[in-house]
Amino acid sequence: MTKEVRTRFAPSPTGFLHVGGARTALFCYLQARAHDGTFILRIEDTDLQRSTPESVRAILDGMEWLGLDYDEGPYYQTQRFDRYAEVVQQLLNEGKAYHCYCSKERIEAIREEQMKAGAKPRYDGHCRDLDQPPQGSGFVASPVVRFRNPIQGTVVFEDLVRGQISISNGELDDLVIARPDGSPTYNFTVVVDDLDMGITQVIRGDDHINNTPRQINIYHALGAEHPQFAHVPMILGDDGARLSNRHGAVGVMQYRDDGYLPQALLNYLVRLGWSHGDQEVFSRDEMIEKFSIRDVNRKASAFNTDKLDWLNQQYIKNLPNEEVAVHLQWHFAQAGLDPADGPSLADLVSVQADRVKTLKEMTQLSRSFYADFEHFDPGAAKKHLRPVAEQALRAIGSRLADLSRWEPERLDAVVRLTAEELEVGMGKIAQPLRVALTGTAVSPSIDKTLWLTGRDRSLARIARALEYVLIRAAAS
Ligand code: GLU
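The numbering of the sequence shown is my numbering, which starts it at 611 and goes up by one.
1. Using a strict less-than 5 angstroms threshold between each residue's beta carbon and the heavy atoms of ligand 1, what residues do you get?
2. Ordered along the chain, which non-local residues of its own chain (more than five positions away) have a Cβ less than 8 angstroms from that of Gln962?
3. Rounded to whole angstroms, what's the CA-CA distance from Gln659 to Leu955? Just pull it up for me.
4. Any contact between the segment 673-684 and the segment 825-841? By contact I mean 3 or more CB pairs, one from each, below 8 angstroms.
5. Given this structure, state the Cα-to-Cα distance separating Gly952 from Ala1083, to the nearest angstrom.
6. Looking only at DSSP bridge pairs, what is Arg643 linked to?
7. How many angstroms separate the CA atom of Tyr708 from the CA atom of Tyr694?
8. Roughly how many angstroms separate the alpha carbons of Trp675 and Arg690, rounded to a whole number?
9. Terminal residues of the continuous beta strand (DSSP E) containing Thr1063?
10. Quick check on Ala1040: buried or exposed, where buried means 16 or more other Cβ atoms within 10 Å of its Cβ?
11. Taking Gly672 as part of the alpha helix (DSSP H), name the residues at either end of that continuous run.
12. By DSSP, does Arg618 sit in helix, in strand, or in coil?
13. Hey, could you find the ends of the beta strand (DSSP E) Leu651 is sitting in?
14. What does Leu709 pair with, by DSSP beta-bridge criteria?
15. Do you know offhand how far Arg1065's Cα is from Val998's?
16. Quick one: is Gln762 buried, meaning 16 or more other Cβ sit within 10 Å of its Cβ, or exposed?
17. Would you give the residue range spanned by the alpha helix (DSSP H) that Val1089 belongs to?
18. Just curious, the beta strand (DSSP E) that Gly683 is in, first and last residue?
19. Of the choices Asp646, Ser1014, Gln825, Glu768, whose alpha-carbon is the least far from that of Glu899?
20. Rounded to whole angstroms, what's the CA-CA distance from Leu770 to Ala632? Just pull it up for me.
21. Beta-carbon within less than 8 angstroms of Phe942's beta-carbon, same chain only, minus the 5 sequence neighbours each way: which residues are those?
22. Residues in the same chain with beta-carbon distance under 7 angstroms from Gly808, minus the five sequence neighbours each way, listed in chain order, please.
23. Could you give the first and the last residue of the continuous beta strand (DSSP E) run that contains Asp868?
24. Could you pull out every residue in the same chain whose Cβ sits closer than 6 angstroms to the Cβ of Val906, ignoring the five residues on either side in sequence?
25. I'd like to check one pair, Gly748 with Ala788: are the Cβ atoms closer than 9 angstroms?
26. Can you grab the Cα-Cα spacing for the pair Pro753 / Pro823, in whole Å?
27. Within a Cβ cutoff of 7 angstroms, which residues of the same chain sit near Glu1068, ignoring the five residues on either side of it in sequence?
28. Since Val755 contacts Val698 with CB under 8 angstroms, what's their CB separation in whole angstroms?
29. Roughly how many angstroms lie between the CA atoms of Thr810 and Asp804, to the nearest whole one?
30. State the beta-bridge partners of Pro794 as determined by DSSP.
31. Taking the Cβ atom as the reference point for each residue, do Ala910 and Met844 lie within a distance shorter than 9 angstroms?
32. Let me know if Met897 comes out buried or exposed under the rule of 16 or more other beta-carbons within 10 Å of its beta-carbon.
33. Comparing the CB of Val629 with every heavy atom of ligand 2, is any distance shorter than 8 angstroms?
34. Assuming Val1079 and Leu995 make a contact with CB atoms under 8 angstroms, what is their CB distance in whole Å?
35. In whole angstroms, give me the CA-to-CA distance for Arg965 and Ile828.
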């Protein structure tokens, strides 16, 4: 019987959830879901100086917004200090770790000497085999605990993305696993956690690849087998440099704020470094069905905002309107608009989906359907609300007032009929009407614009535009 697949995403809460982290989380999630396994969230908050509750919140919010639901956790490393202390003690008892009393100055001096000699700086092992704490200068009273790394041999492992990796133990240091105050260090806590949590596949950024051989030695010291490892390449900005704040939005919640759908961002992220033939659009079920961590590319991939925009548009157009509406609601609240003051958001999406790249843009372009506008856009009014528009506005106003059912087909018919009757082109009716309804010269087709504006609001706005036209005529 094969082991249940258990993966974990283990962010350090020292900032927001950025796109690189989100992609790692997505890969961990998909790997678990693809194998009916378990996906765990673990917050690595042992760095008390740099970890903040705001960052924890940002990570949890990001995971929630992306719909990356975890089966266990969030576990917090700060709640597991007793357990780490217990394992440190175990390693000490078994002689697999030792107290090191070397002062910072001593370590620094060795380091400088080694560098001068052209050697790789590493701990010289002074305290490895002491019976008693050393005295004198160069030593301190409260020791760190170091892991006794094997001196001979080579660590070899098969990375699921990068293939076989081997590092000679001669390259590795006796790692500090607990500081003088007893607080444990990253490479140690991660091993204890991954063991205790039964993690079968560690999927993480390739900035951790140098840590893996050290961690493997700790697994062995604990008499355990190590999990499989998959180190995913980093994400670059469009300019080839490592993705950073300079490239604009890198925190996932910023993408929400900018009007992206989580489905689009996830789809974009899954394709960053992973492919399945030349398919671009994947539903979540398809991702789960087709994803394999072994198919992740070992080369770094570059972030491409145009492609994300394209995907966002695809999702806005193709997801059920009600589903898009759920996300649009958040943008309405941000813009101070109440969906109850106008057409249903699903109806709005049905009209606007083809016209925008983002939900933010959709919200901005839909304002007049939910709230009054103060002024007509001056250019639009100058061009379309001229004295000649009086007849058109009067005619369409009275026909619309008589209309019993406010539906796009009927509205379209009324505009056409009015144009025929006045013997003018459709535009001569539609443009003044559009400015009357929205204050601008740009909106969806005139029947849809009327439909979304609603009967009472449309009639009131036509009356207002008429008044404006009359005042302007009187003044000229
Ligand atoms: N906490 C580490 C980080 O945020 C990740 C550790 C791991 O995945 O092993 O970089």
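Virtual Cβ for every residue (Gly too), placed ideally from N, Cα, C.
Note that the structure is predicted; figures quoted are calculated from it, not measured.
Quick look at the numbers:
1. Ala620, Pro621, Ser622, Glu654, Val800, Arg814
2. Residue 962 sits at position 352 when you count from the first residue of the sequence shown. Excluding its 5 nearest sequence neighbours in each direction, Gln962 has C-beta neighbours in its own chain below 8 angstroms: Met972, Leu975, Ser976, Pro1054, listed in chain order.
3. Counting from one through the sequence shown, the residue named residue 659 turns up at place 49. Counting from one through the sequence shown, the residue named residue 955 turns up at place 345. A direct Cα-Cα distance of roughly 45 angstroms separates Gln659 from Leu955.
4. Counting C-beta pairs with one atom in each stretch, the segment 673-684 and the segment 825-841 have fewer than three that are closer than 8 angstroms, which means they do not touch.
5. Here the question's residue 952 lines up with position 342 in the sequence shown. Here the question's residue 1083 lines up with position 473 in the sequence shown. Approximately 32 angstroms between the Cα atoms of the pair.
6. Counted from its first residue, the sequence shown places residue 643 at position 33. Arg643 is not bridged to any residue.
7. Along the sequence shown, read from residue 1 onward, the residue named residue 708 stands at position 98. Along the sequence shown, read from residue 1 onward, the residue named residue 694 stands at position 84. Approximately 15 angstroms, taken between the alpha carbons.
8. Locating residue 675 in the sequence shown gives position 65, where the first residue counts as 1. Locating residue 690 in the sequence shown gives position 80, where the first residue counts as 1. Their Cα atoms are separated by approximately 28 angstroms.
9. Your numbering for residue 1063 matches position 453 in the sequence shown. Looking at the DSSP string, Thr1063 is not in any beta strand (DSSP E); the run it does join, the alpha helix (DSSP H), is 1056-1063.
10. Numbered from 1 along the sequence shown, position 430 holds the residue referred to as residue 1040. Buried: at least 16 other Cβ atoms inside 10 Å.
11. As a position in the sequence shown, residue 672 is number 62, starting the count at 1. First-last of the alpha helix (DSSP H) with Gly672: 663-676.
12. In the sequence shown, residue 618 corresponds to position 8, counting from 1. Strand.
13. Taking the sequence shown and counting its residues from 1, the one referred to as residue 651 is at position 41. Taken as a continuous stretch (DSSP letters only), the beta strand (DSSP E) holding Leu651 covers 648-653.
14. Position 99 of the sequence shown, counted from the start, is the residue given in the question as residue 709. Here residue 709 turns out to be His, not Leu, going by the sequence shown. Answer is Val755, bridged to His709.
15. Position 455 of the sequence shown, counted from the start, is the residue given in the question as residue 1065. Position 388 of the sequence shown, counted from the start, is the residue given in the question as residue 998. Distance between the alpha carbons of Arg1065 and Val998: 24 angstroms.
16. The residue given as residue 762 occupies position 152 in the sequence shown. Exposed: under 16 other Cβ atoms inside 10 Å.
17. Examination of residue 1089 is not possible in this model, given that the chain is present from 611 through 1086 alone.
18. In the sequence shown, the residue the question calls residue 683 occupies position 73. Here the beta strand (DSSP E) through Gly683 covers 682-686.
19. Position 289 of the sequence shown, counting from 1, holds the residue named residue 899. Of the candidates Asp646, Ser1014, Gln825, Glu768, the one whose C-alpha sits nearest the C-alpha of Glu899 is Asp646.
20. Looking up residue 770 in the sequence shown gives position 160. Looking up residue 632 in the sequence shown gives position 22. Cα to Cα, the separation comes out at about 19 angstroms.
21. Indexing the sequence shown from 1 puts residue 942 at position 332. Cβ neighbours of Phe942 beyond the five flanking positions: Asp948, Pro949, Leu955, Thr973, Tyr980.
22. Within the sequence shown, numbered from 1, the residue matching residue 808 stands at position 198. Result list for Gly808: Arg616, in chain order.
23. Indexing the sequence shown from 1 puts residue 868 at position 258. Where Asp868 is concerned, there is no enclosing beta strand (DSSP E), given that its DSSP letter is neither H nor E.
24. One-based indexing of the sequence shown puts residue 906 at position 296. Same-chain partners within the cutoff: Val771, Val842, Gly883, Trp884.
25. Here residue 788 is taken as the residue at index 178 of the sequence shown, counted from 1. Here residue 748 is taken as the residue at index 138 of the sequence shown, counted from 1. Not in contact: Ala788 and Gly748 (Cβ atoms no closer than 9 angstroms).
26. Numbered from its first residue, the sequence shown carries residue 753 at position 143. Numbered from its first residue, the sequence shown carries residue 823 at position 213. It is roughly 25 angstroms from the alpha-carbon of Pro753 to the alpha-carbon of Pro823.
27. To locate residue 1068, count along the sequence shown from 1; it is residue 458. It is Ser, not Glu, that sits at residue 1068 in the sequence shown. Correct list, in chain order: Leu1010, Leu1047, Leu1060.
28. For the purposes of this step, residue 755 is taken as the residue at position 145 of the sequence shown. For the purposes of this step, residue 698 is taken as the residue at position 88 of the sequence shown. Indeed they touch by this definition, with Cβ atoms about 6 angstroms apart.
29. On the sequence shown, residue 810 is found 200 positions in, with the first residue counted as 1. On the sequence shown, residue 804 is found 194 positions in, with the first residue counted as 1. Going by the C-alpha atoms only, they are around 8 angstroms apart.
30. For this step, residue 794 is matched to residue 184 along the sequence shown. DSSP output for Pro794 lists Ala788 as bridge partner(s).
31. The sequence position of residue 910 within the sequence shown is 300, counting from 1. The sequence position of residue 844 within the sequence shown is 234, counting from 1. In this structure, Ala910 sits near Met844, with a CB-CB distance shorter than 9 angstroms.
32. Locating residue 897 in the sequence shown gives position 287, where the first residue counts as 1. Answer is buried; the Cβ neighbour count reaches 16.
33. Absent from the structure shown: ligand 2. Ligands present: ligand 1.
34. Residue 1079 sits at position 469 when you count from the first residue of the sequence shown. Residue 995 sits at position 385 when you count from the first residue of the sequence shown. Yes, Val1079 and Leu995 are in contact; Cβ-Cβ is about 5 angstroms, under 8 angstroms.
35. Sequence index remark: in the sequence shown, residue 965 carries index 355 (1-based). Sequence index remark: in the sequence shown, residue 828 carries index 218 (1-based). Going from the Cα of Arg965 to the Cα of Ile828 covers about 56 angstroms.
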